[in-house]
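Here the structure is laid out as structure tokens; the discussion comes afterwards.
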Amino acid sequence: MRSTRAVIVLPAAIQAGEPFEVRATVAHAMETGYRNDDAGTRLPRDLVRRFECRLDGELMFAADLFPAVSANPYVAFWMRLSQPGELSFVWRGDAGFEHRELRRITLS
Amino acid sequence: MKAVLLLGALLVVTALTATADERRSGRDTMSPALRALQADDGQHPAQLALALGQDLWRTGAKSCASCHGDPERLRGVATHYPAWDRGLINLPGRIQRCRVQHQGQPAWAPEAEGLLALTALVAQQSRGLPLQPPAGPELDVAARRGQRLFNTRLGALNLSCAQCHDERAGLRLGGSLIPQGHVDDYPIFRLEWQSLGSLQRRLRGCLSGVRATVWDWNSAELLALETYLARRSAGMSTQAPGVRP
Chain A
2 MRSTRAVIVL PAAIQAGEPF EVRATVAHAM ETGYRNDDAG TRLPRDLVRR
52 FECRLDGELM FAADLFPAVS ANPYVAFWMR LSQPGELSFV WRGDAGFEHR
102 ELRRITLS
Chain B
6 MKAVLLLGAL LVVTALTATA DERRSGRDTM SPALRALQAD DGQHPAQLAL
56 ALGQDLWRTG AKSCASCHGD PERLRGVATH YPAWDRGLIN LPGRIQRCRV
106 QHQGQPAWAP EAEGLLALTA LVAQQSRGLP LQPPAGPELD VAARRGQRLF
156 NTRLGALNLS CAQCHDERAG LRLGGSLIPQ GHVDDYPIFR LEWQSLGSLQ
206 RRLRGCLSGV RATVWDWNSA ELLALETYLA RRSAGMSTQA PGVRP
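Below, the structure written as structure tokens:
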């Protein structure tokens with residue numbers, strides 16, 4: 002199958018010291034492990050377990066995800082920066098799932 | 006006599022303008038929350054599909070981009086379907102034909118993720134433009150057939166499309182608003198489906214809803230109905246991909 006996709010939405014312009022919203026979503030089935038397929042066999046659990054957002058290695062935001070979270074989990078949070086840097090987004094989950102995105106932030 | 010004629014003409018004119026004004030996109034009858042979801046690209050539930058479409062657009066040696074350039078160059082294309090090109094063809098059908106004939110790839114299954122993603126990407130480029138389904142002798146025949154089908158009672162419930170979407174539009178079926186059935190925002194991301202879906206999927210859902218025989222994908226009936234529906238919504242501006250409950 003093709004590589005995972007993620008969409009990260011940031012404001013077009015970010016001012017130093019001003020809060021802004023970060024929205025991140027990743028394509029993932031979030032299979033709960035409680036469902037059966039049409040033939041009655043149990044679908045194995047396949048979840049994104051953790052989402053982390055770091056600025057130059059420093060943890061800014063993290064979320065633990067559980068079976069009740071919908072497919073393509075969508076996370077929105079606010080942050081405030083005093084200096085430019087590189088935001089890294091990591092989703093980790095079952096069966097070695099890992100997806101990374103990088104966004105360079107320049108302040109205006 | 007003259008006065009009667011004049012009055013008659015006036016009535017006809019008023020009736021015509023009234024019909025034109027009464028057309029409402031399903032987009033404008035949704036709840037404010039759903040309208041906001043469709044209007045904001047940062048929250049649009051189809052954004053992952055659009056990202057996949059962008060990927061596919063540039064994938065392979067004979068990629069879409071190698072002939073068409075950037076997707077933006079296809080602005081307006083999606084408003085001119087269904088068209089006639091060696092047979093009736095809708096937008097997903099055109100993408101499918103490009104894939105098989107020019108890219109030499111196996112055809113996608115109906116409603117394949119990739120096919121919907123590319124359809125949504127192409128349709129997105131025409132945002133804000135009015136639907137302009139083409140004219141032509143074969144298309145006129147198909148549209149007439151589609152109109153007949155639209156007005157034909159079907160299924161165990163013995164209902165025609167027109168009985169809900171013309172006569173009872175704006176009323177409720179169960180808890181849901183009956184829309185006028187315009188086709189301006191396809192493909193749509195339907196929350197009930199939790200995925201993108203084509204107009205044919207929507208129509209097939211209605212057919213099974215009235216417990217009629219569900220027409221095959223890309224059957225003459227579905228394409229004729231699509232042709233009529235495009236003309237019925239002609240001039241309405243598209244905001245594809247739409248979000249619907």
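In order, the protein sequences belong to chains A and B.
Quick note: to get my numbering, add 1 to the position in the first sequence (first position is 1).
Quick note: to get my numbering, add 5 to the position in the second sequence (first position is 1).
Yeah, the Cβ is synthetic: ideal placement off N, Cα and C, and Gly gets one too.
Remember, it's a predicted structure, so these values are computed and weren't measured experimentally.
{"Query": "Alpha-carbon to alpha-carbon, T243 (chain B) and L42 (chain B)", "Result": "16 Å"}
{"Query": "T33 (chain A) at chain B interface by Cβ criterion, 8 Å", "Result": "no"}
{"Query": "As assigned by DSSP and simplified to three states, the class of L10 (chain B)", "Result": "Note that L10 (chain B) scores a pLDDT of 48, beneath 50, so its modelled location is shaky and nothing firm can be said."}
{"Query": "Cα-Cα separation, D60 (chain B) to E59 (chain A)", "Result": "31 Å"}
{"Query": "Amino acids of chain A, ordered along the chain, whose beta-carbon sits closer than 8 Å to that of A117 (chain B)", "Result": "Here the premise fails: no neighbours, minimum Cβ distance about 13 Å."}
{"Query": "Three-pair Cβ contact test at 8 Å for the segment 207 to 225 of chain B versus the segment 150 to 164 of chain B", "Result": "yes"}
{"Query": "Nonlocal neighbours in the same chain, by C-beta distance under 6 Å from R104 (chain B), ignoring five residues either side", "Result": "Q110"}
{"Query": "Any 3 or more C-beta pairs closer than 8 Å across the segment 227 to 245 of chain B and the segment 125 to 143 of chain B", "Result": "yes"}
{"Query": "Residue environment, T124 (chain B), which counts as buried when at least 16 other CB atoms sit within 10 Å", "Result": "buried"}
{"Query": "CA nearest to the CA of S238 (chain B), picked from B:Q152, B:Q168, B:L182", "Result": "B:Q152"}
{"Query": "DSSP three-state assignment for S181 (chain B), whether helix, strand or coil", "Result": "strand"}
{"Query": "Proximal residues to R195 (chain B) (C-beta, below 7 Å), its chain only, five neighbours per side dropped", "Result": "G202, R249"}
{"Query": "R6 (chain A): contacting residues in chain B (beta-carbon distance under 8 Å)", "Result": "L53, A56, L57, D60"}
{"Query": "Nearest neighbour of A77 (chain A), chosen from A:T107, A:R24, A:M61, A:P45 [CA to CA]", "Result": "A:R24"}
{"Query": "Cut-off 6 Å between Cβ atoms - residues of its own chain near P85 (chain A), not counting five sequence neighbours on either side", "Result": "I106, T107, L108"}
{"Query": "Neighbourhood of G133 (chain B) by C-beta distance below 7 Å, restricted to the same chain and skipping five residues each side", "Result": "S242"}
{"Query": "Nearest candidate by alpha-carbon position, reference W222 (chain B), set B:W113, B:C72, B:Q108, B:A83", "Result": "B:W113"}
{"Query": "Boundaries of the alpha helix (DSSP H) in which V146 (chain B) is found, first to last residue", "Result": "142 to 155"}
{"Query": "Coarse secondary structure for L16 (chain B), derived from DSSP in three states", "Result": "Interpretation of L16 (chain B) is limited by its pLDDT of 47, a score under 50 that renders its predicted location unreliable; no figure is taken from the coordinates."}
{"Query": "Three-state class that DSSP yields for S131 (chain B) in the structure shown", "Result": "coil"}
{"Query": "Of the residues B:D189, B:L208, B:C211, the one placed nearest R236 (chain B), counting alpha carbons only", "Result": "B:D189"}
{"Query": "Listed by chain order, chain A residues near G65 (chain B) by CB distance under 7 Å", "Result": "Chain A residues near G65 (chain B): none, gap ~12 Å exceeds 7 Å."}
{"Query": "Length of the line joining the Cα atoms of S83 (chain A) and F21 (chain A)", "Result": "12 Å"}
{"Query": "CB contact below 8 Å: R36 (chain A) versus chain B", "Result": "no"}
{"Query": "The alpha helix (DSSP H) enclosing E226 (chain B), as first and last residue numbers", "Result": "225 to 237"}
{"Query": "Residues from the segment 179 to 208 of chain B in contact with chain A, defined by Cβ distance under 9 Å", "Result": "Q199"}
{"Query": "Length of the line joining the Cα atoms of A69 (chain A) and R6 (chain A)", "Result": "21 Å"}
{"Query": "Proximal chain A residues relative to G247 (chain B), where beta-carbon distance stays under 8 Å", "Result": "In chain order: nothing, as chain A lies at least about 18 Å away."}
{"Query": "F52 (chain A) vs W92 (chain A) beta-carbon contact at 8 Å", "Result": "yes"}
{"Query": "Short Cβ contact (8 Å threshold) for L144 (chain B) with W89 (chain B)", "Result": "yes"}
{"Query": "Cβ-based burial, R177 (chain B) [other Cβ within 10 Å; buried from 16]", "Result": "exposed"}
{"Query": "Per-residue DSSP class, three states only, for D110 (chain A)", "Result": "Residue 110 (chain A) is absent from the model: chain A starts at 2 and stops at 109."}
{"Query": "Closer than 8 Å at the beta carbon, the chain B residues around T26 (chain A)", "Result": "Q52, L53"}
{"Query": "Exposed unless 16 or more other CB atoms sit within 10 angstroms - verdict on G251 (chain B)", "Result": "No answer is possible for residue 251 (chain B): it lies beyond the span of chain B, which begins at 6 and ends at 250."}
{"Query": "Nearest candidate by alpha-carbon position, reference G97 (chain A), set A:R43, A:Q16, A:R50", "Result": "A:R50"}
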